[in-house]
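In the numbering used here, the protein residues as written are 40 to 239. C-beta atoms are modelled at their ideal positions from N, C-alpha and C, and glycine is treated no differently.
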Amino acid sequence: LFTHAHSDHADVAAIGALAGCRGREAPLRVHGNAATCELLREAKLDVERNLLLPGDRADVTGMEVIALPARHDLENQVPLTYAISDGTAWLLYATDTAWPPDGWWQLLEGRKLDAVMLEATFGLMGPDVHGDCLTNHLNWAEAERLREELGRRGYLTAGCQSFATHLSQHFVPIHEELCLQVSDCALRPAYDGLRVRVGQ
């Protein structure tokens, strides 16, 4: 699943390496927006491209996926975030987006999220630190506000686990320092290799 076609998310070399793994019996299945599908078509990778638009539902390796609209680089593409379920629990993966557009909320109606992964690119910095803050990305305060709004609307389970990701190395302190600074927050900083058990 790809959210958009920027190289820090859709890395052609990495996708090509996965597609070329020995022993693969079928082409690698890739799901994403039109810009991502076109990027991979132009790269002539041996992948099965599956276009997703906001509101689309798909079965991806046996999991139910709902493509949600995002607010990121709207001048060049239709970016996505995702709600994903294995049939027992729901995960929200919302990275590379400012505050979600209106249609985002309606697509989540009737679902209870067991885990949320929210973007907080700019960490604890204010919205005036960079032009992308609150237009293409969130800071920590807005990520927390988004989690609170999800709860207010009744979209979170009682035990929902909440993590912040897409933490820029330019604007966010190292993991240990950030953990100390946000120790009283419902959101927790994610890290490479994080594994979480959710649902039943």
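For residue i, the residue or residues it bridges with in DSSP
| i | result |
| --- | --- |
| Ile123 | Val104, Leu130 |
| Leu79 | Note: Leu79 sits in no beta bridge, so no partner. |
| Pro228 | Ala203 |
| Leu57 | Bridge partners of Leu57: none, in fact. |
Closest residue to residue i among the options (Cα-Cα distance)
| i | options | result |
| --- | --- | --- |
| Leu113 | Leu79, Glu158, Ala73, Ala122 | Ala73 |
| Pro139 | Leu130, Asp125, Ala154, Glu158 | Glu158 |
| Leu163 | Leu147, Gly238, His209 | His209 |
| Thr160 | Glu181, Gln145, Gly149, Leu146 | Glu181 |
| Gln116 | Val155, Leu91, Glu216 | Leu91 |
| Trp129 | Thr174, Asp85, Thr196, Leu78 | Thr196 |
| Leu189 | Ala154, Gly71, Ala106, Ala229 | Ala154 |
| Leu146 | Asn175, Thr174, Arg192, Leu40 | Arg192 |
| Cys224 | Phe202, Asp231, Val211 | Phe202 |
| Cys199 | Leu40, Val237, His176, Ser222 | Val237 |
| Ser46 | Asp171, Asp135, Trp179 | Asp135 |
| His176 | His205, Gly94, Glu148, Leu152 | His205 |
| Leu119 | Gly170, Arg68, Gly94 | Gly94 |
| Glu64 | Ile54, Ala82, Val221, Val86 | Val86 |
| Ala97 | Val168, Arg150, Pro228, Ile123 | Ile123 |
Environment of residue i [buried if 16+ CB atoms lie within 10 Å]
| i | result |
| --- | --- |
| Pro66 | exposed |
| His111 | buried |
| Arg234 | exposed |
| Tyr132 | buried |
| Arg186 | buried |
| Tyr194 | buried |
| Leu292 | No answer is possible for residue 292: the residues shown for the chain start at 40 and end at 239. |
| Cys60 | exposed |
| His43 | buried |
| Thr240 | The first residue shown for the chain is 40 and the last is 239, placing residue 240 beyond what the model contains. |
| Gln84 | It is Leu, not Gln, that sits at residue 84 in the sequence shown. Buried: at least 16 other Cβ atoms inside 10 Å. |
| Tyr121 | buried |
Helix, strand or coil at residue i [DSSP, three-state]
| i | result |
| --- | --- |
| His43 | coil |
| Val257 | Absent from the structure is residue 257, since the part of the chain shown begins at 40 and ends at 239. |
| Ala203 | strand |
| Glu87 | strand |
| His70 | strand |
| Leu219 | helix |
| Ala52 | helix |
| Gly238 | coil |
| Gly193 | coil |
Fill in: Unbroken stretches of the beta strand (DSSP E), 3 residues or longer, contained in the segment 139 to 188
152 to 158
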